[in-house]
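**Q** Let me begin by handing over the structure; questions about it come next.
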Amino acid sequence: MAQKLFNQPKKRSIKPKLIFLSLLFIVAALITGSSMFFSTSEPSLPQPHVFSSDRANHFVGFKATNDSDNNRVLAFKFANLDNEKVQVHNNDGKLMLTITDTYHTEDFSEKTHLSDVVTVNQNASNTIQFALPLERLGPYNTRISEDGIFITKLNWGLEGKNIVIDPGHGQPDGGAIGPSGLLEKDVVLNISLRLKEILEDKGANVLLTREGDSRPYPSSYLQDLWERVYIAEEFGAHVVLSIHNNASDYPYVGGIETFYRPNTLQGHNNKKFAKTIQNQLTNDLGRRDRGVHSANFNVLRSEEFIGALVELMFITNPEEERLLSDPQMIEKIAQSLAEGIENFFTN
Ligand SMILES: [Zn+2]
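Positions 1 to 347 (UniProt numbering) are the ones given, in order, by the sequence shown.
Shown next as structure tokens:
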């Protein structure tokens, strides 16, 4: 049948015309830029993410990965995130991250199997909220950058942890002075040097903000405190413990108290860390328990690491001054602090 049709003269004469007309049409389409035939090969129109990346607080998505130390990292990715649009508070056992003036194109809640860990609500006023259950999260570190909010759930134990021990004061600042002349700067350095050895034996990476007599930034008291925070952040500190001795005008005042910063991304962690340290010390040393308190010390002013500041006895109390000058007590304090830090990562 095909051969017979092929031999018909009429059909053979039409074919070249059709080919010619088709070619003409194709050339015309190319010249005019018509999309009738070439919609797939044309450069695609700008996608929403191309122009919206210029917008502030554009929510790109959520991803859970592991870092090089095998800690779980929850990444809330943004383009051009403005830190000041991120608000943090604890509510009903949850860490709530609220980001205002956001822009996003995807329905986040359908994107991840971790929706039991992370949930998102977006309301009419372009606010996104993430809620993370604190108890399940355990100790964590945070980082906020232009690229988003990164929360690292820390593994159990001291192995591989970056711990910064901050011995308070240092020349030219001796800190508080005991009735027989004992200087706070010397006591806290002795404790810190021993604590470093114990923690390193347990597998932690430990950095002291000073190992010598002088403070990290000798020429300025305020700059010195920022310098200590900078040292800790550069080290990638998971936790920072600042060590001090207390002082009072009244020689009979004594005991131990621990401070933490409450209103940060780390607020929940900070409080838990301070409580763990305080409980361990008062159990081991038998000194008066003066409790755990919130305070906004500059040396702990970071959103990145978990921190506490411990006031280890009153150097102005003659009995406690004597204890603080006893090498056996220094050893006992260092062991107790190491156990407290370890407890924080294992309970
Ligand atoms: Zn001090």
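No residue lacks a Cβ here, since even glycine has one placed at the ideal position from N, Cα and C. All of these numbers come straight from a predicted model, not from anything done at the bench.
Taking just the CA atoms, how far does E320 sit from G255?
**A** 8 Å
**Q** How many Å lie between I330 and I191 at the Cα?
**A** Looking at the backbone, the Cα of I330 and that of I191 are separated by about 6 Å.
**Q** Using only the alpha-carbon positions, how far apart do P327 and L193 sit?
**A** 12 Å
**Q** Considering only DSSP beta bridges, list what Y230 is partnered with.
**A** Y230 is not bridged to any residue.
**Q** Given this structure, state the Cα-to-Cα distance separating D249 from T316, to the nearest angstrom.
**A** 8 Å
**Q** What's the C-alpha gap between T136 and F305?
**A** Per the sequence presented here, residue 136 reads as Arg, with Thr not at that position. Rounded to whole angstroms, R136 to F305 spans 19 Å at the Cα level.
**Q** Could you tell me if S336 is buried or exposed, where buried requires 16 or more neighbouring beta carbons within 10 angstroms of its beta carbon?
**A** buried
**Q** Can you tell me where the alpha helix (DSSP H) holding A338 begins and where it ends?
**A** A338: member of the alpha helix (DSSP H) spanning 327-346, first to last residue.
**Q** Could you check if G168 belongs to the surroundings of ligand 1, using beta carbon to heavy atom distance under 6 Å?
**A** yes
**Q** Is it a yes or a no for the region 232-242 touching the region 165-172, going by three-plus beta-carbon pairs under 8 Å?
**A** yes
**Q** On the criterion of 16 or more Cβ atoms from any shown chain inside 10 Å, does A308 qualify as buried, or is it exposed?
**A** buried
**Q** Kindly identify the DSSP beta-bridge partner or partners of P172.
**A** Per DSSP, none; premise fails for P172.
**Q** Enumerate in chain order the residues of its own chain whose CB-to-CB distance from A274 is below 6 Å, with the five nearest sequence positions on each side excluded.
**A** T258, Y260, V292, A308
**Q** What residue from N298, E197, H58, S325 has the CA that sits closest to Y221's CA?
**A** N298
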